[in-house]
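Counting in the working numbering, the final residue of the sequence shown is number 614, and the numbers go up one at a time with none missing.
One structure is given below, encoded as structure tokens.
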Amino acid sequence: MAQRMKPKLIVFDLDYTLWPFWVDRHFSPPFNTNKDGIVYDRFLRLVNYYSDVPGMLYQLHNGGYTLGIASRSRTPPEAHKLVKLFNWDKYFKYKEVYPGTKLNHFRRFQRKSGISYVDMLFFDDEMQNIVDVGKLGVTCILVSGGMSNAVLTEGLHKFQMNNSSRHTNKI
């Protein structure tokens, strides 16, 4: 029986992928937490994420997956601060958060990790990023309505299908 192929690196965009807003447009820093760990902005507006995300990141991390963030944020310090306040920092080995093309993010992931593009899985809400990064050989999933367990399952399945067809083509 064939061994199940799994990605060596799973990368997530932040805005409208892990959380339902643009950090640089919808909230006003500084970000803080209250005594219950709830994150809020300068005007005490609640800052939240898609509901499946914390459990999903926990499961992936505990399942031995290596995780990364690729975000074209114009406000990297604020994006990093939210990742930290949401207590997700511990899950992400690689973080590329800065303006510019996602191609640069993935080139750095490849250089830092040594992981081949075909062994990466990427989730993003913008079609242009999916198209650009897909040309590198990365399995890409367009996220509509935020990350969920169903979207993750779809991505893992597509990755497996892509890799089994690559393996079949080598024979």
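Every residue, glycine too, gets a C-beta built ideally from N, C-alpha and C.
All values derive from a computational prediction rather than experimental measurement.
In angstroms with no decimal places, state the Cα-to-Cα distance between residue i and residue j.
i: G580; j: D479; result: 43 Å
i: F529; j: P463; result: 14 Å
i: P520; j: Y537; result: 15 Å
i: P472; j: D458; result: 16 Å
i: F566; j: F486; result: 31 Å
i: R517; j: G543; result: 9 Å
i: K613; j: L503; result: Reliability of the predicted coordinates at K613 is poor, the pLDDT of 47 falling under 50, and the value obtained from them is presented with this limitation in mind. If I take the Cα positions, the gap works out to 29 Å.
What is the DSSP secondary structure of residue i, reduced to helix, strand or coil?
i: N592; result: helix
i: D532; result: helix
i: Y459; result: coil
i: F566; result: strand
i: S514; result: strand
Using CA coordinates, which residue listed in the options is at the minimum distance from residue i?
i: V561; options: R550, V482, D568 and D467; result: R550
i: L489; options: M570, L546 and F470; result: F470
i: A593; options: M570, V496, N477 and V466; result: V496
Can you round the beta-carbon distance between residue i and residue j to whole angstroms, since I take them to be within the 8 Å contact cut?
i: L500; j: Y534; result: 5 Å
i: V454; j: A513; result: 5 Å
Quick one: does the C-beta of residue i sit closer than 7 Å to a heavy atom of the ligand COA?
i: V526; result: As for the ligand COA, it is missing from this structure, which has no ligand bound.
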